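If you read the sequences in order, they're chains D and L.
If you read the first sequence in my numbering, its first letter stands for residue 1, the second for the next number, and so on.
If you read the second sequence in my numbering, its first letter stands for residue 1001, the second for the next number, and so on.
For glycine and all other residues, C-beta sits at the position ideal for the given N, C-alpha and C.
All of these numbers come straight from a predicted model, not from anything done at the bench.
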Amino acid sequence: MKSRSAKEHFARAGSFHDEILLFTHDLFLQVSQTTSCNRHHEVQERLARWLLMMRDRVASNTLQLTQEFLSWMLGVRNQAVSRAAKRLQGDGSIRYSRGTLEIINHQRLELTACVCYRMMKARMNNQFS
Amino acid sequence: MTPIDDAVQTIKSWAPMLNRSQTPPSPMTNQPRPANKILTSLPADEFEQLRSKLRPVNFPIGEILYMPEQKIEYAYFVNRGVVSLLAALEDGATVEAGVIGPEGVAGIAVVLGASSTPNQSLTQSDVETSRISATDLVAEFRKGGKLRDLMLRFVHTMFTQVTQTAACNRLHTLDQRLARWLLMVQDRVNDRQFTLTQEFLSRMLGVRRAGVSVAANELRQTGLIDYRRGDIVILDRQGLEGVCCECYQIVKHEYDSYLQN
């Protein structure tokens, strides 16, 4: 959708307008939660949360991701991503080789993920129910 | 106890003034236009429509404006002082996600269509506001005039601040973050001296008190601030700008330009 056309639809102040604003609210909460998560949670917890959030959105257990990309997303060095990913592989949550990451046990991944995952997901579900 | 109960307990324990009663404020008719930058940017006719719905309401430092998941009854256009927006975790750990000063309004969730938020807001200094009921604000917002335009721009600007803070909390050192934070507060209280306990700072920055103490001492020893029993005096603003991370300038630029054109 072109931004001009989005603006025109938005200006009509109908349900598109309301949905966009609610989405903005939700995204705002996601980001504010992340300020806290980035401060208080370990790489492994954050990696697990991030993978689960991706899984929910692409609706697939297979994700194409380089370590470098993950290191940008999580704001840590490659080595730290590598260590965290190895631990998740070690406990059977994921398989990861050559840029392909497969979630093989998402329940276990949820146990590793920080509470932020559950908090963000609950909010998202509320919004669209 | 649910996570929210936990968070509420934690916050209550910080703010002895939570249930302080207030005399009912009178409307703002016949008073000069408040200093809030959104309000001062409104065309005269639009402000006149709004005026009867605003009430001057002031808060002491440490007052809670919003509790997590509690219905938002009012929004507050800040005229002076600083309100902190905090993101809490289940164990009560917090970090500040953003600050709101005279450039903005606390309670934006209501115009976005939400009736509550999991974040908490509390005053970080003595704060003077123009209060409006959530219902009135939403009605005015829906009229689609300049107020709506300015509030949406403010939402965007706030979004930039919070996003930047997410990165800053991950990537920058405590010294840098403390310096940035002091500058952001000073910009909003417009005074080189303000009151902040170490406990408060540790909650804002999401670190232990010992860490805050070390960082504050460093700034004091290099002559950038004076810090005694919760009173901070900024001695060398330029020096602080040299210590802080680039996040300060990035966010400041957004705030300086958001009300223009």
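Closer than 8 Å to chain D by CB, residue i
i, result
"Leu1185(L)", "It is worth fixing the name first, because residue 1185(L) is Val in this sequence and not Leu. So, not an interface residue."
"Gly1206(L)", "yes"
"Leu1174(L)", "no"
"Tyr1248(L)", "no"
"Pro1056(L)", "no"
"Val1090(L)", "First, the amino acid is wrong: residue 1090(L) is Glu here, not Val. True, the Cβ-Cβ gap to chain D drops below 8 Å."
"Phe1159(L)", "yes"
"Val1212(L)", "no"
"Ala1007(L)", "Here Ala1007(L) scores only 49 on pLDDT, less than 50, and its place in the model should not be relied on; the value that follows carries that caveat. False, the Cβ-Cβ gap to chain D never drops below 8 Å."
"Pro1068(L)", "no"
"Leu1122(L)", "no"
"Ala1114(L)", "yes"
"Glu1135(L)", "According to the sequence as given, residue 1135(L) is Thr; it is not Glu. Judged by the 8 Å Cβ criterion, Thr1135(L) is not in contact with chain D."
"Arg1180(L)", "no"
"Arg1203(L)", "no"
"Arg1153(L)", "no"
"Leu1171(L)", "yes"
"Val1162(L)", "yes"
"Gly1144(L)", "yes"
Exposure of residue i, with buried meaning 16 or more beta-carbon neighbours within 10 Å
i, result
"Arg1262(L)", "The requested residue 1262(L) is not part of the displayed model; chain L covers only 1001 to 1261."
"Gln1161(L)", "buried"
"Leu109(D)", "buried"
"Arg46(D)", "buried"
"Trp1181(L)", "buried"
"Asn1119(L)", "buried"
"Gly1206(L)", "buried"
"His41(D)", "buried"
"Leu111(D)", "exposed"
"His1253(L)", "exposed"
"Gly1081(L)", "buried"
"Met1001(L)", "Residue placement at Met1001(L) is poorly supported in this model, since its pLDDT is 46, which falls under 50; the coordinates still yield a value, given next. That one is exposed."
"Ala11(D)", "exposed"
"Arg49(D)", "buried"
"His25(D)", "buried"
"Thr1173(L)", "exposed"
"Ile1061(L)", "buried"
"Met119(D)", "buried"
"Ser32(D)", "buried"
Neighbourhood of residue i by C-beta distance below 8 Å, restricted to the same chain and skipping five residues each side
i, result
"Thr1117(L)", "Tyr1066, Pro1068, Glu1069, Ile1072, Ala1109"
"Phe1141(L)", "Val1111, Leu1147, Arg1148, Met1151"
"Gln1198(L)", "Arg1209, Val1212, Ser1213, Ala1216, Gly1230"
"Phe69(D)", "none"
"Glu1046(L)", "Gly1145, Lys1146, Leu1147"
Below-8 Å beta-carbon distance, residue i vs any chain L residue
i, result
"Ser15(D)", "no"
"Ser212(D)", "The structure shown does not extend to residue 212(D), since chain D spans only 1 to 129, so no value can be given for it."
"Ser93(D)", "no"
"Val31(D)", "yes"
"His9(D)", "no"
"Val81(D)", "no"
"Leu101(D)", "no"
"Asn38(D)", "yes"
"Thr112(D)", "no"
"Gly75(D)", "yes"
Close beta carbons around residue i, own chain, < 7 Å, minus the five adjacent residues each side
i, result
"Ser1084(L)", "Glu1096, Val1099, Ser1121, Leu1122, Gln1124, Met1204"
"Lys1037(L)", "Pro1102, Glu1103, Leu1259"
"Tyr1074(L)", "Gly1107, Arg1131, Ile1132, Ser1133, Ala1134"
"Thr100(D)", "Thr62, Gln64"
"Gln1164(L)", "Cys1247, Ile1250, Val1251"
"Glu113(D)", "Checking the sequence, you will find Ala at residue 113(D) rather than Glu. Contacts found: Glu45, Ala48, Arg49, Leu52."
"Glu102(D)", "Asn61, Thr62, Ile94, Arg95"
"Arg1192(L)", "Gln1186, Val1233, Ile1234"
"Leu1039(L)", "Arg1033, Phe1047, Phe1077, Ser1130"
N-terminal and C-terminal residue of the alpha helix (DSSP H) that residue i is part of
i, result
"Asn38(D)", "15-40"
"Asp1175(L)", "1174-1189"
"Leu52(D)", "43-58"
"Leu1217(L)", "Residue identity differs from the one stated: residue 1217(L) is Asn in this sequence, not Leu. That run of the alpha helix (DSSP H) goes 1209-1221."
"Tyr1255(L)", "1247-1257"
"Ser97(D)", "Segment 94-97 is the beta strand (DSSP E) holding Ser97(D); no alpha helix (DSSP H) there."
Terminal residues of the beta strand (DSSP E) in which residue i lies
i, result
"Asn1058(L)", "1055-1059"
"Ser1084(L)", "1083-1088"
"Ala113(D)", "Unbroken run through Ala113(D): none, as it is neither H nor E."
"Tyr1066(L)", "1064-1066"
"Asn133(D)", "Not covered by the structure: residue 133(D). The range shown for chain D is 1 to 129."
"Ile103(D)", "100-103"
beta-carbon residue i near the ligand FMN non-hydrogen atom, thresh 7 Å
i, result
"Met73(D)", "Of the ligands one can find in the structure shown there are none, so the ligand FMN has no counterpart to examine."
Same chain, Cβ closer than 6 Å to residue i, neighbours up to 5 away in sequence not counted
i, result
"Leu1201(L)", "Val1212"
"Thr948(L)", "Nothing about residue 948(L) can be read from this structure; chain L reaches only from 1001 to 1261."
"Leu88(D)", "Ile94"
"Leu1219(L)", "Ile1225"
"Ala84(D)", "Val43, Gln44, Leu47"
"Ala1167(L)", "none"
7 Å Cβ cut-off: residues of chain B touching residue i
i, result
"Arg1209(L)", "Among the chains of the structure shown, chain B does not appear; the protein chains present are D and L."
- prompt: Quick one: complete beta strand (DSSP E) runs, 3+ long, within the stretch 1107-1153 of chain L?
  reply: 1120-1123, 1127-1133
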